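Report on the structure given below.
Chains as they are written, first to last, in the working numbering: chain A, 15 to 191; chain B, 15 to 191.
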């Protein structure tokens with residue numbers, strides 16, 4: 015069994031989703047959104063993000079992390095803000111020696127919906143189907159569904175890799191540079 | 015006496031400079047560059063940055079921090095990488111409840127050299143003059159001189175503010191949003 019944490023980072027809202035993967039089957043453990051107070055200073059928000067993440071990692075013994083890589087159409091100011099949150103997330107995961115795998119939004123869409131151009135609503139719907147979440151149950155925001163989709167994408171990579179009898183070795187350019 | 019830490023963050027090289035400010039006079043305490051290994055994963059680099067910074071903050075009892083704000087001509091990928099390092103720096107400083115003040119490169123140039131368009135060499139030269147560093151002594155990189163220039167800029171703001179008998183209240187947009 016491998017416990018995967020998917021994280022969709024943001025400067026205000028960071029989605030998270032934890033699933034257990036075992037022999038082709040995925041089970042939802044928990045998911046939600048770490049929402050930071052826009053009225054507080056950036057540095058204070060980062061302290062809160064770090065402490066909420068620490069809390070989450072302490073409560074659930076995660077084995078691997080799947081993180082959304084940068085969507086390059088954003089501008090420099092947005093990328094900087096996103097980077098600050100990402101830096102804190104990478105730091106907390108690396109401090110616990112958790113392997114971090116990055117997936118682009120297109121990879122996640124392809125993996126979960128079969129199309130790199132799937133819409134947010136379609137991702138949320140497929141996440142519900144794959145994790146047997148009642149269709150009526152609403153996600154807090156799309157960040158929550160996206161985080162679960164990241165965890166599912168990584169589970170599929172583990173599955174594919176095991177079928178190929180290989181060693182899992184998925185590192186994006188960003189993770190190595 | 016106020017001990018000011020100036021930080022010029024970067025994804026590979028982060029300059030730092032600590033000075034003591036007292037009644038219009040500045041004294042150099044220490045300065046240098048935290049240089050990260052480009053060959054290691056980003057997450058590992060962030061752990062090293064965090065631990066080097068923790069070490070620096072433990073050895074020198076800093077009162078306030080002056081940080082370079084984003085230079086917006088960079089592209090989204092560079093901004094993300096810079097943001098990740100910045101996130102870790104903001105986190106470590108905020109965890110110690112250190113007040114963080116941000117200054118743009120133009121503000122630093124104006125403050126130290128009298129011109130917002132001063133060159134890197136001019137900043138390094140003025141930093142040496144203001145801190146009585148022998149002209150022959152070379153800086154590790156311009157990041158070191160820039161970090162000291164940030165600390166000097168903040169000292170000038172403290173000085174200006176005290177002369178005006180006001181309470182120091184310098185927050186950039188970025189620090190509040």
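Just so you know, even glycine gets a beta-carbon here, dropped at the ideal spot from N, CA and C. In this text the structure is predicted, and so the values were computed from the model without any measurement.
The Cβ neighbour count for residue 44/A, taken over all protein chains shown within 10 Å, is under 16; the residue is labelled exposed. Cβ contact annotation for residue 144/B (same chain, cutoff 8 Å, sequence separation greater than five): 40, 126, 166, in chain order.
For residue 88/B, the CB contacts under 8 Å within the same chain, skipping 5 residues up- and downstream, are 96 in chain order. Cβ contact annotation for residue 100/B (same chain, cutoff 7 Å, sequence separation greater than five): 23, in chain order.
In terms of Cβ geometry, residue 93/A and residue 55/B do not form a close pair [threshold 8 Å]. DSSP, read as helix, strand or coil, puts residue 141/A in helix. The three-state reading of DSSP puts residue 97/B in helix, counting H, G and I together. Look at the stretch 81-114 of chain A: the residues with a C-beta under 7 Å from a C-beta of chain B are 84, 86, 88, 89, 90, 91, 93, 94, 95, 96, 97, 98, 99, 100, 101, 102, 104, 105, 107, 108, 109, 114. For residue 55/A, the secondary structure class from DSSP, reduced to helix, strand or coil, is coil. Leaving aside the five residues that flank residue 168/B on each side, the residues in its chain whose CB is nearer than 6 Å to its CB run, in chain order, 18, 80, 115. Rounded to whole angstroms, the Cβ separation of residue 172/B and residue 42/B is 16 Å, and the two are not in contact under 8 Å. For residue 60/A, the chain B residues whose Cβ falls inside 7 Å of its Cβ are 101, 104, 105, 108, in order along the chain.
In terms of Cβ geometry, residue 29/A and residue 158/A form a close pair [threshold 8 Å]. Put simply, the CB of residue 45/B is far from chain A, with every gap to its CB atoms at 8 Å or more. Under the DSSP assignment, residue 80/B falls in the beta strand (DSSP E) whose first and last residues are 78-82. For residue 56/A, the nearest CB of chain B lies under 8 Å from its own CB, placing it at the interface with that chain.
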